[in-house]
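Protein chains: 2
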Amino acid sequence: MSSLSELGQRAKHASRTLALASSRTKDAALHAAADLLVERSNEILRANASDVARAEAGGVSPAVIDRLRLSEARVVAMAGGLRQVAGLTDPVGEVVEGWVRPNGLRIEKVRVPLGVVAIIYENRPNVTSDAAGLCLKSGNAAFLRGSSAALVSNKAVAAALQEGFARAGLPRDCLVLVEDTSYESAREFMRLRGVIDCLIPRGGPSLIQAVVENATVPYVIDGDGNCHLYVDAAADLDMAVSLLVNGKTQRPSVCNATESLVVHRDVASKFLPAATAALPGVRLVGDEAARDLVPAIEPATEEDWGKEYLDLVLSVRVVDDLDAAIAHIQRYGSGHTEAIVTGDLVAAQRFTQEVDAAAVVVNASTRFTDGEEFGFGAEIGISTQKLHARGPMGVRELTTTKYIVTGNGQVRA
Amino acid sequence: MSSLSELGQRAKHASRTLALASSRTKDAALHAAADLLVERSNEILRANASDVARAEAGGVSPAVIDRLRLSEARVVAMAGGLRQVAGLTDPVGEVVEGWVRPNGLRIEKVRVPLGVVAIIYENRPNVTSDAAGLCLKSGNAAFLRGSSAALVSNKAVAAALQEGFARAGLPRDCLVLVEDTSYESAREFMRLRGVIDCLIPRGGPSLIQAVVENATVPYVIDGDGNCHLYVDAAADLDMAVSLLVNGKTQRPSVCNATESLVVHRDVASKFLPAATAALPGVRLVGDEAARDLVPAIEPATEEDWGKEYLDLVLSVRVVDDLDAAIAHIQRYGSGHTEAIVTGDLVAAQRFTQEVDAAAVVVNASTRFTDGEEFGFGAEIGISTQKLHARGPMGVRELTTTKYIVTGNGQVRA
Numbered sequence: 132m133s134s135l136s137e138l139g140q141r142a143k144h145a146s147r148t149l150a151l152a153s154s155r156t157k158d159a160a161l162h163a164a165a166d167l168l169v170e171r172s173n174e175i176l177r178a179n180a181s182d183v184a185r186a187e188a189g190g191v192s193p194a195v196i197d198r199l200r201l202s203e204a205r206v207v208a209m210a211g212g213l214r215q216v217a218g219l220t221d222p223v224g225e226v227v228e229g230w231v232r233p234n235g236l237r238i239e240k241v242r243v244p245l246g247v248v249a250i251i252y253e254n255r256p257n258v259t260s261d262a263a264g265l266c267l268k269s270g271n272a273a274f275l276r277g278s279s280a281a282l283v284s285n286k287a288v289a290a291a292l293q294e295g296f297a298r299a300g301l302p303r304d305c306l307v308l309v310e311d312t313s314y315e316s317a318r319e320f321m322r323l324r325g326v327i328d329c330l331i332p333r334g335g336p337s338l339i340q341a342v343v344e345n346a347t348v349p350y351v352i353d354g355d356g357n358c359h360l361y362v363d364a365a366a367d368l369d370m371a372v373s374l375l376v377n378g379k380t381q382r383p384s385v386c387n388a389t390e391s392l393v394v395h396r397d398v399a400s401k402f403l404p405a406a407t408a409a410l411p412g413v414r415l416v417g418d419e420a421a422r423d424l425v426p427a428i429e430p431a432t433e434e435d436w437g438k439e440y441l442d443l444v445l446s447v448r449v450v451d452d453l454d455a456a457i458a459h460i461q462r463y464g465s466g467h468t469e470a471i472v473t474g475d476l477v478a479a480q481r482f483t484q485e486v487d488a489a490a491v492v493v494n495a496s497t498r499f500t501d502g503e504e505f506g507f508g509a510e511i512g513i514s515t516q517k518l519h520a521r522g523p524m525g526v527r528e529l530t531t532t533k534y535i536v537t538g539n540g541q542v543r544a
Numbered sequence: 132m133s134s135l136s137e138l139g140q141r142a143k144h145a146s147r148t149l150a151l152a153s154s155r156t157k158d159a160a161l162h163a164a165a166d167l168l169v170e171r172s173n174e175i176l177r178a179n180a181s182d183v184a185r186a187e188a189g190g191v192s193p194a195v196i197d198r199l200r201l202s203e204a205r206v207v208a209m210a211g212g213l214r215q216v217a218g219l220t221d222p223v224g225e226v227v228e229g230w231v232r233p234n235g236l237r238i239e240k241v242r243v244p245l246g247v248v249a250i251i252y253e254n255r256p257n258v259t260s261d262a263a264g265l266c267l268k269s270g271n272a273a274f275l276r277g278s279s280a281a282l283v284s285n286k287a288v289a290a291a292l293q294e295g296f297a298r299a300g301l302p303r304d305c306l307v308l309v310e311d312t313s314y315e316s317a318r319e320f321m322r323l324r325g326v327i328d329c330l331i332p333r334g335g336p337s338l339i340q341a342v343v344e345n346a347t348v349p350y351v352i353d354g355d356g357n358c359h360l361y362v363d364a365a366a367d368l369d370m371a372v373s374l375l376v377n378g379k380t381q382r383p384s385v386c387n388a389t390e391s392l393v394v395h396r397d398v399a400s401k402f403l404p405a406a407t408a409a410l411p412g413v414r415l416v417g418d419e420a421a422r423d424l425v426p427a428i429e430p431a432t433e434e435d436w437g438k439e440y441l442d443l444v445l446s447v448r449v450v451d452d453l454d455a456a457i458a459h460i461q462r463y464g465s466g467h468t469e470a471i472v473t474g475d476l477v478a479a480q481r482f483t484q485e486v487d488a489a490a491v492v493v494n495a496s497t498r499f500t501d502g503e504e505f506g507f508g509a510e511i512g513i514s515t516q517k518l519h520a521r522g523p524m525g526v527r528e529l530t531t532t533k534y535i536v537t538g539n540g541q542v543r544a
């Protein structure tokens, strides 16, 4: 097995060729890779079966095994994802802006690939294909480190993709898969400064914390979503019930699910009984005011307010006014998605201006913060940081810019 | 003295008010601060004299003392800088883009302040004023940590600015100055995650290395400039001499000065004697081919090729072709500014596409990579990283964006 830095150098080398590839070549590579995934689906499913058998023998939980398991349909969906990415607009080469200086210098800000994009992820083998496709489209070599549980599947998927890229004349090393999944290797991976241009960790809080503490390479955090729905005094209460039910129950395990309900005191007595009745099977925890109105609500602890449950649990708080709602969200929110339900223009304006989050939503479900729902076609993750990219990250967020300055002999006075 | 995290909380608190301030209020604050700098210039110069006396007694080098020393004219220039920043377009509130989704959701990407911008800098007291002005204009609280040598000056400057901000009704804590300049405090400063939204270290390689190794807060690196000038076979050699002289000698101590000359073999025998004759007083080091042509060139070591001299020293390399020039720059460049002199369209195209740097320049001096020269009015630094901002950073680069999503009850299917 090659050392991690040798693998990185291979990705770096490939990235230089890939950065100059035309959209046509990249799209051909994505289609060839999609074809090969389907052609080799038996082989990929056999590899996956061995990962699943190993996980089952190791007593891994059914939910984790479900994420690990591939099926014919899932492989076809992976191929479809690559074809969809091929259909997106290539962000590389876009002239973001350009102007001429008084001395005649022409300045253009042009979109270019980052170089090597590294991704650390967990058990889903489809991430191998999704991430490699988005990286390729944006002209970046993908340097991927999945979990040990999915290693056999990831190798089979990666081999098909690499072969597809090669058929279009691109280097196989446009995708480099790290096979050493030890803790030491993860730490070394995060410190390959000069090799990795951007690291995107996709995993839970312990992975994020490890990156923040150890990484020396630039990174974008795809962090927690402790998303609030605030029901204002001027809310349409039927709409509020519908947004709450959608945000909490449509897919509770994802980062843009609603985790906390904040209700204005003036409508709490009318809204809370109706809202909680519409959430059968959801465990409710709340403050005293909420519990006075709905006895089924259990007491919330301080910890509850900051918690991303990713489950059918909802925290409920009653507040005196908009200021208190904003202050609560400011204190406990994770900067992902915060929503208000209101018919009051001033309340909507204040909420969108004062709440500091990647996405602030008025009269819609928190579940819309998503690359596909935003129209980006596909996403590599949702950034909860403020630098580089904030919110859903599509292919454009996998690029940087360079300035091209053209003159005819200008010197500085 | 308050603890560092208390100081940070004060900046954070002020940043919330400042984020909502109108351009008119911010500009009034900048003008009031400028007025106060001038009014209090005697006080500021007295404070500075004590810093200078202390430095002189400590045997600090004249160059460092020159950077530390203020004069009436420098204070007036600081005030003028604040007024100039007041005249810039406010980036906050700009709708960067916006669209409507098929389900009727309206999505807007709006420019907002980062929050708390922290800057670690060295001896120039004018940075206190310049940085605070750019931060205020872009709606960010400035959390500043200068050097111990400049502490008395920085306190006097900061007091004038804070008073000016307060006169316009903004919190004094829009500028918070850290007075504890110990090493331990610097390390703690870099780890105030959740308080500092962006750290910009302005200093030498050891500071940058300390940030890369220790920081847990997001940062933008204002790094080295090992800038090359490549003289192609198809170059106008008179223009090349002029660009070289300007790049190397117009201000050798800055990051966009030319540090290395790369010459195509075909023009080396004609160009190098003329070029070196035009650089009296510049120490030249080079490879064998260069030394064969100009005996005054001393032998270059491997270390020379990667070096940012910031002085009247130039490394000289002769290459066989454009590929070799690009490969040399790829290997030794620092990703700041790289220039080509050529009349050949294909060479210019290949150079601008293949060289990976913040700015790639055709037929102009490397010295143009600069916020003022780019037309940004003023700059907080020049980013040599690829994430968030790359190249000169003006007030716009001190902002982030948020998505505002507006619906009328949409839920996700």
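Residue numbers (this note's numbering), protein chains in the order written: chain W, 132 to 544; chain A, 132 to 544. We treat Cβ as the ideally placed atom computed from N, Cα and C, and that holds for glycine.
inquiry  = With the cut-off set at 9 Å, would you say L151/W and G525/W are in Cβ contact?
reply    = no
ask   = For P336/A, which of D197/A, G325/A, I352/A, Q293/A has the nearest alpha-carbon?
value = I352/A
task = Could you tell me how far apart the beta carbons of T500/A and A490/A are, in whole angstroms, since I believe they sit closer than 8 Å?
result = 4 Å
key: Within chain A, partners of H519/W - CB distance below 7 Å   = L518, H519
inquiry  = Between N377/W and chain A, is the shortest Cβ-Cβ distance under 9 Å, so that the two count as touching?
reply    = yes
query = Would S496/W count as contacting chain A if we go by Cβ distances under 9 Å?
reply = yes
key: Closer than 9 Å at the beta carbon, the chain A residues around R232/W   = F499, E504, F505, G506
task = Please compile the residues from chain A whose C-beta is within a distance smaller than 7 Å of the C-beta of R373/W.
result = The amino acid occupying residue 373/W in the given sequence is Ser; Arg does not appear at that position. In chain order: G540, V542.
query = Which of helix, strand or coil does DSSP assign to A145/W?
reply = helix
query = Which of the three DSSP states, helix, strand or coil, is assigned to S391/A?
reply = strand
key: Interface partners of P349/W on chain A, CB under 8 Å   = Q516, K517, L518
request  = Pull up the distance between the alpha-carbon of S181/W and that of I331/A, whole angstroms please.
outcome  = 49 Å
task = Determine the DSSP secondary structure at Y463/W, reduced to helix, strand or coil.
result = helix
query = To which residues does DSSP link I327/A through a beta bridge?
reply = R324/A
ask   = Closest Cβ-Cβ distance between I331/A and chain W: below 9 Å?
value = no
key: Contact set between the region 133-149 of chain W and chain A, restricted to residues whose Cβ is under 9 Å from the partner   = R147
key: Where I428/A falls: helix, strand or coil (DSSP)   = coil
request  = Flag this pair as yes or no: are the beta carbons of G295/A and S465/A separated by less than 9 Å?
outcome  = no
query = DSSP three-state call for H519/A: helix, strand or coil?
reply = coil
inquiry  = Relative to the C-alpha of A208/W, which candidate in A163/W, V169/W, A178/W has its C-alpha closest?
reply    = V169/W
query = For K401/A, which three-state DSSP category applies?
reply = helix
key: Whole-angstrom distance between V243/A and V342/W, CA atom to CA atom   = 26 Å
task = Taking only beta carbons into account, state which residues of the region 526-538 of chain A come closer than 8 Å to chain W, listed in chain order.
result = T531, T532, K533, Y534, I535, V536, T537, G538
message = Any contact between the region 440-449 of chain W and the region 400-416 of chain W? By contact I mean 3 or more CB pairs, one from each, below 8 Å.
response = yes
message = With a threshold of 9 Å between beta carbons, is R205/W in contact with chain A?
response = no
inquiry  = Looking at the strands, I want to know which residues DSSP matches up with Y350/W.
reply    = L330/W
query = Can you tell which of T432/W, N254/W, A291/W, V326/W has its C-alpha closest to the C-alpha of Q140/W?
reply = V326/W
query = Which residues in the same chain as A488/A place their Cβ atom closer than 7 Å to its Cβ, once the five residues preceding and following it in sequence are excluded?
reply = G464, G466, H467, T468, E469
message = Looking at the secondary structure, which residues open and close the alpha helix (DSSP H) in which S284/W lies?
response = 282-298
key: Residues that M321/A contacts on chain W, provided the C-beta gap is smaller than 9 Å   = What M321/A touches in chain W: nothing, since even the nearest Cβ is about 12 Å away.
request  = In the DSSP assignment, find the unbroken beta strand (DSSP E) run with A249/A in it and report its ends.
outcome  = 247-251
ask   = Name the chain W residues whose beta carbon is nearer than 7 Å to that of L483/A?
value = It is worth fixing the name first, because residue 483/A is Thr in this sequence and not Leu. Residues of chain W passing the Cβ test: I535.
key: Range of the contiguous beta strand (DSSP E) that encloses I471/A   = 468-472
message = Within a Cβ cutoff of 8 Å, which residues of the same chain sit near S384/W, ignoring the five residues on either side of it in sequence?
response = L441, D442
request  = State the Cα-Cα distance for the pair R276/W and Q516/W, rounded to the nearest angstrom.
outcome  = 22 Å
query = Who are R237/A's beta bridge partners in DSSP?
reply = V231/A, T537/A
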